[in-house]
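Protein chains in written order, with my numbering: chain A, 1 to 237; chain B, 1001 to 1237.
By construction, the Cβ of each residue, glycine as well, lies at the ideal position given by its N, Cα and C atoms.
All values reported here derive from a predicted model rather than from experimental measurement.
Working notes for the structure below.
There are 2 protein chains.
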Amino acid sequence: MDIGNETGRAADNVVAMLEAKIVSGELEDQTPLPAERELMEQFGASRTVIREAISQLSSRGLIETRPRFRPIVRKPDYATVLHACGNVVQHLLTDKTGIKNLYDSRVFIERALVREAAVSARKDDIVSLRQALEENRKAIPDSNEFYRTDVAFHGVLYRIPRNPIFPAMHEGYTSWLAPQWDRMLRSPERNEVNYLAHKSILDAIVERDPVAAEEALNNHLKAAWEFVRVTFDWGDE
Amino acid sequence: MDIGNETGRAADNVVAMLEAKIVSGELEDQTPLPAERELMEQFGASRTVIREAISQLSSRGLIETRPRFRPIVRKPDYATVLHACGNVVQHLLTDKTGIKNLYDSRVFIERALVREAAVSARKDDIVSLRQALEENRKAIPDSNEFYRTDVAFHGVLYRIPRNPIFPAMHEGYTSWLAPQWDRMLRSPERNEVNYLAHKSILDAIVERDPVAAEEALNNHLKAAWEFVRVTFDWGDE
DNA sequence: AATTGTCCTTTGGTATGACCAAACTAGACA
DNA sequence: TGTCTAGTTTGGTCATACCAAAGGACAATT
Chain A
1 MDIGNETGRA
11 ADNVVAMLEA
21 KIVSGELEDQ
31 TPLPAERELM
41 EQFGASRTVI
51 REAISQLSSR
61 GLIETRPRFR
71 PIVRKPDYAT
81 VLHACGNVVQ
91 HLLTDKTGIK
101 NLYDSRVFIE
111 RALVREAAVS
121 ARKDDIVSLR
131 QALEENRKAI
141 PDSNEFYRTD
151 VAFHGVLYRI
161 PRNPIFPAMH
171 EGYTSWLAPQ
181 WDRMLRSPER
191 NEVNYLAHKS
201 ILDAIVERDP
211 VAAEEALNNH
221 LKAAWEFVRV
231 TFDWGDE
Chain B
1001 MDIGNETGRA
1011 ADNVVAMLEA
1021 KIVSGELEDQ
1031 TPLPAERELM
1041 EQFGASRTVI
1051 REAISQLSSR
1061 GLIETRPRFR
1071 PIVRKPDYAT
1081 VLHACGNVVQ
1091 HLLTDKTGIK
1101 NLYDSRVFIE
1111 RALVREAAVS
1121 ARKDDIVSLR
1131 QALEENRKAI
1141 PDSNEFYRTD
1151 VAFHGVLYRI
1161 PRNPIFPAMH
1171 EGYTSWLAPQ
1181 WDRMLRSPER
1191 NEVNYLAHKS
1201 ILDAIVERDP
1211 VAAEEALNNH
1221 LKAAWEFVRV
1231 TFDWGDE
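What follows is the structure in structure tokens.
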């Protein structure tokens, strides 16, 4: 059609241009995109290619589309990226193996996280952990609330390295594994056990004992997995 | 919630059906999809919808499209997922902060990997590491070849947990960080330093000393980062 | 005046039909 | 037998039209 480069798909050019306008801020975050019929005039392209471009931008997480609404610009952050990856990742979680792999990788990461925490957690990190643990304790009778505070407690661990990638990974783990966990039965007794596991993890961190912290977390998550395994009547690994 | 039908977008239904046919194997891996005009008859939808569906499947990594060629079915694996995520991730790597965060997370992961390796590497893992190190040594004079063997050596570490997620992460790290790395100057002297770092990592693993292994790797990657930082004349962190 | 109901406009979703250029195929030709 | 060529697929693009839901303007109602 116009400027820029040669062959390939015309939609790709539109994608590139809109992409540039989004990252440069010319198209502000959280604001609606121009209407399709306006964009086709602006880029001198047919509506077909405009819609193709919008579709691609949407799947890249740069805009959010709702039926019959103008797309909303969404400047990419780590959470956005993770969410966009989720659409793809879900294909790997259709069988037990995929879930196990994902869960194992989570255990691996969290083991390293608690070790890191035991070695170099700051005072305010400890405070955050204590608060999260306390809320976790108070939620023992309410299983839904307990689940929330459970996730929150682990989330504090992911924030300790102060690298936004880790909280994003945490969000990925929780949202991608949630479908499995939701089907699990919960009980105050079960919550109590998990709370105590959280407590022993925090205790080890406070004592600056990375080995004990790692082991406590490992036991915690292994037991949790065992619980899922039995619940779903999966065979041995 | 949704079971296939009656949702807002017709393309989503087509996507879901094709998706099912791909994962079930009815549409075999590496084979071309039916032509668009055939699909529209098969699904009773317009070509608009079919093309929309194809576009979505493509961005999810389930098919591979080339201009003027039938889309090729590609059953999703971990590498595919990572590749699909790459299109999204690249937006986070436009500034130094994004690159640093990604690199730091890599350091974090690899520290845990070498620790794990030191504790529980099997004999054949050690053999693989030795082979990789040897090839790395022989490649010292050739910087391109050295880079390849360098990546390969680290890759062995990612395979030790025998969880396909880790090699996929490795591929992500190398491909996403490669653009930065490529712009760096290389030299046999620099290669020699890196080779010795690899050697000290392997030595520590062989000696079953997780602390030394972690420290050796940490020094290795920190030095590498320092080298990039200076090369690009970035300020302090 | 505030609220509610109705009409028109906007806008994304879908359907047709057409044309092009590159890739493929098969038959003609040397 | 090997090569060239013409016709056929097939994805990429364009133009136009219609629908249904969301938004907005304005009159009617309380």
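>> Taking contact to mean 3 or more Cβ pairs, one atom from each stretch, closer than 8 Å, check whether the stretch 167-178 of chain A and the stretch 99-109 of chain A are in contact.
In response: yes
> Buried or exposed: Thr149/A, going by 16 or more other Cβ atoms within 10 Å of its Cβ?
Replying inline: On the first sequence, residue 149/A is found 149 positions in, with the first residue counted as 1. Flag for Thr149/A reads buried.
>> DSSP has Pro1064/B in a bridge; who is on the other side?
In response: Taking the second sequence and counting its residues from 1, one reaches residue 1064/B at position 64. Here residue 1064/B is Glu; the residue named in the question, Pro, does not match the sequence. Answer by DSSP bridge pairing, in chain order: Ile1072/B.
>> Counting only Cβ pairs nearer than 7 Å, list the residues of chain A close to Phe1043/B.
In response: As a position in the second sequence, residue 1043/B is number 43, starting the count at 1. Correct list: empty, because the minimum Cβ distance to chain A is about 18 Å.
> Val287/A CB to nearest chain B CB: under 7 Å?
Replying inline: Outside the modelled stretch of chain A, which goes from 1 to 237, sits residue 287/A, for which no answer is possible.
>> Starting from Gly1098/B, trace the alpha helix (DSSP H) in both directions and tell me its first and last residue.
In response: Stepping through the second sequence from its first residue, residue 1098/B is reached at position 98. Here the alpha helix (DSSP H) through Gly1098/B covers 1096-1120.
> I think Asn1136/B touches His1198/B, with their Cβ atoms under 8 Å apart; what is that distance to the nearest whole Å?
Replying inline: Against the second sequence, residue 1136/B aligns to sequence position 136. Against the second sequence, residue 1198/B aligns to sequence position 198. Yes, Asn1136/B and His1198/B are in contact; Cβ-Cβ is about 6 Å, under 8 Å.
> With 16 other CB atoms within 10 Å as the buried threshold, where does Trp1234/B fall?
Replying inline: For the purposes of this step, residue 1234/B is identified with residue 234 of the second sequence, where counting begins at 1. By the neighbour-count rule (16 or more Cβ atoms within 10 Å), Trp1234/B is not buried but exposed.
> What is the C-beta distance between Val1206/B and Ile1126/B, in whole angstroms, given that I count them as a contact (C-beta under 8 Å)?
Replying inline: The residue you call residue 1206/B lines up with position 206 of the second sequence. The residue you call residue 1126/B lines up with position 126 of the second sequence. Yes, they are in contact, since the Cβ atoms of Val1206/B and Ile1126/B sit about 6 Å apart, within 8 Å.
> In chain order, what residues of the stretch 1151-1169 of chain B put their CB closer than 9 Å to some CB of chain A?
Replying inline: Pro1161, Asn1163, Pro1164, Ile1165, Phe1166, Met1169
> Per DSSP, Pro32/A forms a beta bridge with which residues?
Replying inline: One-based indexing of the first sequence puts residue 32/A at position 32. According to DSSP, which records beta bridges pairwise, Pro32/A is partnered with Ile72/A.
> Applying a beta-carbon distance threshold of less than 7 Å, which residues of chain A neighbour Asn1101/B?
Replying inline: Here residue 1101/B refers to the residue found at position 101 of the second sequence. Within chain A, the residues near Asn1101/B are Asn163, Pro164, Ile165.
> From Arg1051/B to His1083/B, what distance separates their C-alpha atoms?
Replying inline: As a working note, residue 1051/B is residue 51 in the second sequence. As a working note, residue 1083/B is residue 83 in the second sequence. When rounded, the distance between both Cα atoms is 22 Å.
>> Quick check on Ala1016/B: does DSSP put it in helix, strand or coil?
In response: Indexing the second sequence from 1 puts residue 1016/B at position 16. Here Ala1016/B sits in helix by DSSP.
>> Once DSSP output is grouped into helix, strand and coil, what is the label at Glu1226/B?
In response: What you label residue 1226/B is simply residue 226 of the second sequence in a count that begins at 1. In the structure shown, Glu1226/B sits in a helix (DSSP, three-state: H, G or I).
> Three-state secondary structure (DSSP) at Asp125/A?
Replying inline: In the first sequence, the residue the question calls residue 125/A occupies position 125. Helix.
>> Buried or exposed for Glu1026/B, going by 16 or more other Cβ atoms inside 10 Å?
In response: Along the second sequence, read from residue 1 onward, the residue named residue 1026/B stands at position 26. Label assigned to Glu1026/B: exposed.
> Just checking my contact of Gly86/A with Leu92/A at CB under 8 Å: how many whole Å lie between their CB atoms?
Replying inline: Residue 86/A sits at position 86 when you count from the first residue of the first sequence. Residue 92/A sits at position 92 when you count from the first residue of the first sequence. Gly86/A to Leu92/A, Cβ: 11 Å. No contact.
>> Quick check on the burial criterion: 16 or more other C-beta atoms within 10 angstroms. Buried or exposed for Glu1116/B?
In response: Residue numbering aside, residue 1116/B sits at position 116 when the second sequence is read from its first letter. By the neighbour-count rule (16 or more Cβ atoms within 10 Å), Glu1116/B is buried.
>> Between the alpha carbons of Asp1209/B and Ala139/A, how many angstroms are there, rounded?
In response: Taking the second sequence and counting its residues from 1, one reaches residue 1209/B at position 209. Taking the first sequence and counting its residues from 1, one reaches residue 139/A at position 139. Distance between the alpha carbons of Asp1209/B and Ala139/A is about 41 Å.
> Do you know offhand how far Ala178/A's Cα is from Tyr147/A's?
Replying inline: Taking the first residue of the first sequence as position 1, residue 178/A is located at position 178. Taking the first residue of the first sequence as position 1, residue 147/A is located at position 147. Answer to the nearest angstrom: the Cα atoms are 10 Å apart.
> So, is Thr35/A buried or exposed, given that buried needs 16 or more other C-beta atoms within 10 angstroms?
Replying inline: Mapped onto the first sequence, residue 35/A falls at position 35. A small fix is needed here, since residue 35/A is Ala in this sequence, not Thr. Exposed, because fewer than 16 other Cβ atoms sit within 10 Å of the Cβ of Ala35/A.
> Name the chain B residues that come within less than 7 Å of Leu92/A, Cβ to Cβ?
Replying inline: Here residue 92/A refers to the residue found at position 92 of the first sequence. Under the 7 Å cutoff, chain B gives Pro1076, Tyr1078, Val1081.
> Does DSSP put Asp142/A in a helix, a strand or coil?
Replying inline: By 1-based counting over the first sequence, the position of residue 142/A is 142. If DSSP states are grouped into helix, strand and coil, Asp142/A belongs with coil.
> What did DSSP end up calling Ile54/A once you bin it into helix, strand or coil?
Replying inline: Position 54 of the first sequence, counted from the start, is the residue given in the question as residue 54/A. In the structure shown, Ile54/A sits in a helix (DSSP, three-state: H, G or I).
> Quick one, are the C-beta atoms of Ala204/A and Ala223/A less than 7 Å apart?
Replying inline: For the purposes of this step, residue 204/A is identified with residue 204 of the first sequence, where counting begins at 1. For the purposes of this step, residue 223/A is identified with residue 223 of the first sequence, where counting begins at 1. It is not a contact, given that the beta carbons lie outside the stated cut-off.
>> If you measure between the beta carbons of Thr1048/B and Ser1058/B, is that distance less than 7 Å?
In response: Counting from 1 along the second sequence, the entry for residue 1048/B is found at position 48. Counting from 1 along the second sequence, the entry for residue 1058/B is found at position 58. Not in contact: Thr1048/B and Ser1058/B (Cβ atoms no closer than 7 Å).
> Which term fits Pro1071/B, buried or exposed, when burial requires 16 or more other beta carbons within 10 angstroms of its beta carbon?
Replying inline: If you number the second sequence from 1, residue 1071/B lands on position 71. Burial call: buried.
>> Going by DSSP in three states, Arg162/A sits in which element: helix, strand or coil?
In response: Here the question's residue 162/A lines up with position 162 in the first sequence. Looking at Arg162/A - three-state DSSP - the assignment turns out to be coil, as it is neither helix nor strand.
>> Assuming contact is defined by CB atoms lying nearer than 7 Å, are Leu1202/B and Leu1133/B in contact in what I supplied?
In response: Within the second sequence, numbered from 1, the residue matching residue 1202/B stands at position 202. Within the second sequence, numbered from 1, the residue matching residue 1133/B stands at position 133. A contact, by the Cβ cut-off of 7 Å.
>> Which residue marks the beginning of the alpha helix (DSSP H) containing Ser1200/B, and which one marks its end?
In response: Position 200 of the second sequence, counting from 1, holds the residue named residue 1200/B. Unbroken alpha helix (DSSP H) run through Ser1200/B: 1188-1206.
>> I'd like to know if Gly1172/B contacts chain A, where contact means its C-beta is closer than 7 Å to some C-beta of that chain.
In response: Counting from 1 along the second sequence, the entry for residue 1172/B is found at position 172. No, its Cβ sits nowhere closer than 7 Å to a Cβ of chain A.
> When burial is assigned at 16 or more other CB atoms within 10 Å of the CB, is Glu214/A buried or exposed?
Replying inline: What you label residue 214/A is simply residue 214 of the first sequence in a count that begins at 1. It counts as buried.
> Quick one: which chain B residues come within Cβ less than 8 Å of Gln56/A?
Replying inline: As a position in the first sequence, residue 56/A is number 56, starting the count at 1. Correct list: Ser1055, Ser1059.
> Helix or strand or just coil, what does DSSP make of Met1001/B?
Replying inline: As a working note, residue 1001/B is residue 1 in the second sequence. The predicted model places Met1001/B with a pLDDT of 35, which falls under 50 and marks its position as unreliable; any figure quoted below should be read in that light. Looking at Met1001/B - three-state DSSP - the assignment turns out to be coil, as it is neither helix nor strand.
> Whose C-beta lies closer than 7 Å to the C-beta of Val1014/B among residues of the same chain, with five residues either side of it excluded?
Replying inline: Locating residue 1014/B in the second sequence gives position 14, where the first residue counts as 1. Phe1043, Ala1045, Val1049, Ile1050, Ala1053, listed in sequence order.
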